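Q: One structure, pasted below without further comment.
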Amino acid sequence: MSDEKVISTIKKVMPSVVSIVITKHLEDIEKEIPPDLYPFLPSGPHGPELKIPKELVDKRGMVQVGGGSGFIVEEDGLIITNKHVISDPKAEYTVVLNDDRKLSAKILSRDPINDVAILKIETSGLPIVKLGSSSHLNLGQTVIAIGNALGLFRNTVSMGIVSGLSRSISAQADPQSPPQEMRGLIQTDAAINHGNSGGPLVNLEGDAIGINAAIVFGAQNISFAIPINSAKRDLSDLKKYGHIKRPLLGVRYITIDENLKEKMNLPVDYGALVVKETPQDHGVVPKSPAEKAGIKERDIILTLNSQKIDRDHPIQDFLENMNVGDKVDLAVLRGKKEMKMKLVLSERR
418 MSDEKVISTI KKVMPSVVSI VITKHLEDIE KEIPPDLYPF LPSGPHGPEL KIPKELVDKR
478 GMVQVGGGSG FIVEEDGLII TNKHVISDPK AEYTVVLNDD RKLSAKILSR DPINDVAILK
538 IETSGLPIVK LGSSSHLNLG QTVIAIGNAL GLFRNTVSMG IVSGLSRSIS AQADPQSPPQ
598 EMRGLIQTDA AINHGNSGGP LVNLEGDAIG INAAIVFGAQ NISFAIPINS AKRDLSDLKK
658 YGHIKRPLLG VRYITIDENL KEKMNLPVDY GALVVKETPQ DHGVVPKSPA EKAGIKERDI
718 ILTLNSQKID RDHPIQDFLE NMNVGDKVDL AVLRGKKEMK MKLVLSERR
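Numbers 418 to 766, taken from this note's numbering, label the letters of the sequence shown in order.
Here it is as structure tokens:
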């Protein structure tokens, strides 16, 4: 592999990578100050106030509160990024193009399951990143991550290899945010940080094979990307339905293994045990397909469409390849009795 090939790929992709600037009204920021910080802040007429330098507040009272990356996938301004980058409903999002143009961005849709979102800016004739395939990646394959590192320096590049496939992790957008379960990820040693979130992970042909998504805090040289095939499905849904559609079964569950079987004295060492995550939760989501089919808490779902459910094949992996409206056959164990149930997947909201 020559330096010329790497440089050529970077030059090809870089014009299509954008910065996403997150701004928020100062009053909204102050309203969200945690009460335990009140004693440490000066008081104003409406409560605690943040002493932010005037030069950081624009004429409308907006303050930049964060940043991320994205990449253009259609010439008329369709952009892919991470869902957590544009998660604040009270914030405004501005896209900074490679030529320094700044355009207001509209959120078209967020993936209900994966850390993927689609934005739109009103313009035309933009350079795009070609979407490759994440189906046939190889361990050791060279990849390049591009993004706007921490919102400070656009077009930061790092190079590495694919060091793992189909990884499952509990990841955080930042140290203060709650962890999110993420599955089917591409593991890479290409450096990815918070500002790179939403940027493309590309192969040496310049095709996007992933979306930079997460780092593991405290770990060295371990980063993750969402497979591009997931985003391609989201784009297809957006064009068909006007939003991203993901199927809902309607259960909260723990996947059973040998250790869980012994710990909870369960009758089997595989399947999905339907349980609530917190006392306020429902193990079976009200009005969901699972409830309508008669599934109850403490049931064990053994198979889905005759496929065994276990640690390597959890329910979510099956749903990833299914659509709203698909019919599902379940084998369910309740106590010592095994039952057959049928349901139709609804749409996750």
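Backbone N, C-alpha and C fix where the C-beta goes; we use that ideal spot for every residue, glycine too.
Computed from a predicted structure; not experimentally measured.
#1: Rounded to the nearest angstrom, how far is the Cβ of Thr-440 from that of Val-482, given a contact under 8 Å?
#2: Is the distance from the Cβ of Val-533 to the Cβ of Asn-565 below 8 Å?
#3: Could you check how far apart the C-beta atoms of Ala-625 and Val-546 are, in whole angstroms? I think they sit under 8 Å.
#4: Could you tell me which residues DSSP pairs with Thr-540 in its beta bridges?
#5: Look up Lys-488 in the DSSP assignment and give the residues it is bridged to.
#6: Can you tell me where the beta strand (DSSP E) holding Lys-680 begins and where it ends?
#7: Decide yes or no for the touch test of the region 727-739 against the region 701-716: beta carbon pairs closer than 8 Å, at least 3 of them.
#8: Taking a contact to mean a Cβ-Cβ separation below 8 Å, would you say Pro-544 touches Pro-617 in this structure?
#9: The alpha helix (DSSP H) with Leu-736 in it runs from where to where?
#10: So Val-745 packs on Leu-762, CB below 8 Å; how close in whole Å?
#11: Would DSSP call Ile-578 helix, strand or coil?
#12: For Glu-694, which three-state DSSP category applies?
#13: I'd like the list of long-range same chain contacts for Arg-584, defined as Cβ closer than 6 Å, with 5 residues on each side in sequence excluded.
#14: By Cβ distance below 7 Å, which residues in the same chain neighbour Lys-523 in space, the five residues on each side in sequence not counted?
#15: Check whether the Cβ atoms of Pro-664 and Arg-766 lie closer than 8 Å to each other.
#16: How should Val-685 be labelled, buried or exposed, when 16 other C-beta atoms within 10 angstroms of its C-beta is the threshold for buried?
#17: Which residues mark the beginning and the end of the alpha helix (DSSP H) in which Pro-706 is found?
#18: Give the secondary structure of Arg-663 by DSSP, where H, G and I count as helix, E and B as strand, and everything else as coil.
#19: Determine, using beta carbons only, whether Val-579 and Gly-557 come nearer to each other than 8 Å.
#20: Verify the CB distance criterion: does Val-702 have a CB-CB separation below 8 Å to chain B?
#21: Looking only at C-alpha atoms, which of Lys-649, Ser-541, Asn-531, Leu-525 sits nearest to Ser-551?
#22: Quick check: Val-435 and Ile-497, are their CB atoms within less than 8 Å of each other?
#23: Excluding sequence positions up to five away, which residues of its chain have a Cβ less than 7 Å from the Cβ of His-442?
#24: Can you look up Arg-477 in the DSSP assignment and give me helix, strand or coil?
#25: Could you name the residues of the same chain whose beta carbon sits closer than 7 Å to that of Asp-493, not counting the 5 residues immediately before and after it, in chain order?
#26: Buried or exposed: where does Thr-695 fall if 16 or more other Cβ atoms within 10 Å of its Cβ makes it buried?
#27: The beta strand (DSSP E) that contains Pro-703, what's its start and end?
#28: When the distance is taken between beta carbons, is Leu-554 closer than 8 Å to Leu-666?
#29: Only counting the same chain, and skipping five residues up and downstream in sequence, which positions put a Cβ closer than 7 Å to that of Gly-711?
#30: Locate the beta strand (DSSP E) running through Ile-717, then write down its first and last residues.
A: Reading from the atomic positions:
#1: Walking along the sequence shown from the start, residue 440 turns up at place 23. Walking along the sequence shown from the start, residue 482 turns up at place 65. With 8 Å as the limit, Thr-440 and Val-482 qualify as a contact, their Cβ atoms being about 7 Å apart.
#2: Counting from one through the sequence shown, the residue named residue 533 turns up at place 116. Counting from one through the sequence shown, the residue named residue 565 turns up at place 148. Their beta carbons are not under 8 Å apart, which means Val-533 does not touch Asn-565 by this criterion.
#3: Taking the sequence shown and counting its residues from 1, one reaches residue 625 at position 208. Taking the sequence shown and counting its residues from 1, one reaches residue 546 at position 129. Correct: roughly 5 Å between the Cβ atoms.
#4: Locating residue 540 in the sequence shown gives position 123, counting from the first residue. Residue pairing of Thr-540 in beta bridges, as defined by DSSP: absent, with no partner found.
#5: Position 71 of the sequence shown, counted from the start, is the residue given in the question as residue 488. With the sequence shown as reference, residue 488 is identified as Phe, and Lys is not the correct amino acid for it. According to DSSP, which records beta bridges pairwise, Phe-488 is partnered with Val-434, Ile-497.
#6: In the sequence shown, residue 680 corresponds to position 263, counting from 1. Counting along the chain, no beta strand (DSSP E) covers Lys-680; the unbroken alpha helix (DSSP H) around it starts and ends at 675-681.
#7: Fewer than three pairs of CB atoms, one per stretch, sit closer than 8 Å, so the region 727-739 makes no contact with the region 701-716.
#8: By 1-based counting over the sequence shown, the position of residue 544 is 127. By 1-based counting over the sequence shown, the position of residue 617 is 200. Cβ distance not < 8 Å, so Pro-544 and Pro-617 don't count as in contact.
#9: Position 319 of the sequence shown, counted from the start, is the residue given in the question as residue 736. Counting along the chain, Leu-736 sits inside the alpha helix (DSSP H) bounded by residues 732-737.
#10: The residue given as residue 745 occupies position 328 in the sequence shown. The residue given as residue 762 occupies position 345 in the sequence shown. That belief holds up - the Cβ atoms of Val-745 and Leu-762 are roughly 6 Å apart, short of 8 Å.
#11: Sequence index remark: in the sequence shown, residue 578 carries index 161 (1-based). DSSP places Ile-578 in strand when its eight states are reduced to three.
#12: Locating residue 694 in the sequence shown gives position 277, counting from the first residue. Residue state for Glu-694 is assigned as coil, using DSSP reduced to three classes.
#13: Here residue 584 refers to the residue found at position 167 of the sequence shown. Counting only Cβ-Cβ distances below 6 Å, and skipping sequence neighbours, we find Leu-602, Gln-604.
#14: One-based indexing of the sequence shown puts residue 523 at position 106. Listed in chain order, the non-local C-beta contacts of Lys-523 below 7 Å within the same chain comprise Leu-536, Lys-537, local neighbours out to five positions each way being set aside.
#15: Position 247 of the sequence shown, counted from the first residue, corresponds to residue 664. Position 349 of the sequence shown, counted from the first residue, corresponds to residue 766. Contact: no.
#16: Here residue 685 is taken as the residue at index 268 of the sequence shown, counted from 1. Under this definition Val-685 is an exposed residue.
#17: The sequence position of residue 706 within the sequence shown is 289, counting from 1. From DSSP, the alpha helix (DSSP H) with Pro-706 extends over 706-710.
#18: Along the sequence shown, read from residue 1 onward, the residue named residue 663 stands at position 246. Arg-663: coil per DSSP, three-state reduction.
#19: Within the sequence shown, numbered from 1, the residue matching residue 579 stands at position 162. Within the sequence shown, numbered from 1, the residue matching residue 557 stands at position 140. Judged by beta-carbon spacing, Gly-557 lies within the 8 Å limit of Val-579, meaning their Cβ atoms are closer than that value.
#20: Structure shown: chain B not included; a single protein chain is present.
#21: Start at 1 with the first residue of the sequence shown, and residue 551 comes out as number 134. Nearest of Lys-649, Ser-541, Asn-531, Leu-525 to Ser-551, Cα basis: Lys-649.
#22: Along the sequence shown, one-based indexing puts residue 435 at 18. Along the sequence shown, one-based indexing puts residue 497 at 80. No, the pair does not count as a contact, with Cβ atoms beyond the cut-off.
#23: As a working mapping, residue 442 is identified with position 25 in the sequence shown. Take His-442, set aside five residues on each side of it, and the residues of its chain with a beta-carbon closer than 7 Å to its own are Gly-478, Met-479, in chain order.
#24: Taking the first residue of the sequence shown as 1, we reach residue 477 at position 60. Correct three-state label for Arg-477: coil.
#25: Position 76 of the sequence shown, counted from the first residue, corresponds to residue 493. Correct list, in chain order: Ser-541.
#26: For the purposes of this step, residue 695 is taken as the residue at position 278 of the sequence shown. The residue in question, Thr-695, is exposed, as its Cβ has fewer than 16 Cβ neighbours within 10 Å.
#27: As a first step, residue 703 must be located in the sequence shown, where it is residue number 286. Here Pro-703 belongs to no beta strand (DSSP E), and DSSP marks it neither H nor E.
#28: Within the sequence shown, residue 666 is the residue found at index 249, counting from 1. Within the sequence shown, residue 554 is the residue found at index 137, counting from 1. No; because the gap between Cβ atoms is not below 8 Å, this pair is not in contact.
#29: Here the question's residue 711 lines up with position 294 in the sequence shown. Short of 7 Å from the beta carbon of Gly-711, and not among the five residues preceding or following it, lie these beta carbons of its own chain, in chain order: Met-758.
#30: Here residue 717 is taken as the residue at index 300 of the sequence shown, counted from 1. That run of the beta strand (DSSP E) goes 717-721.
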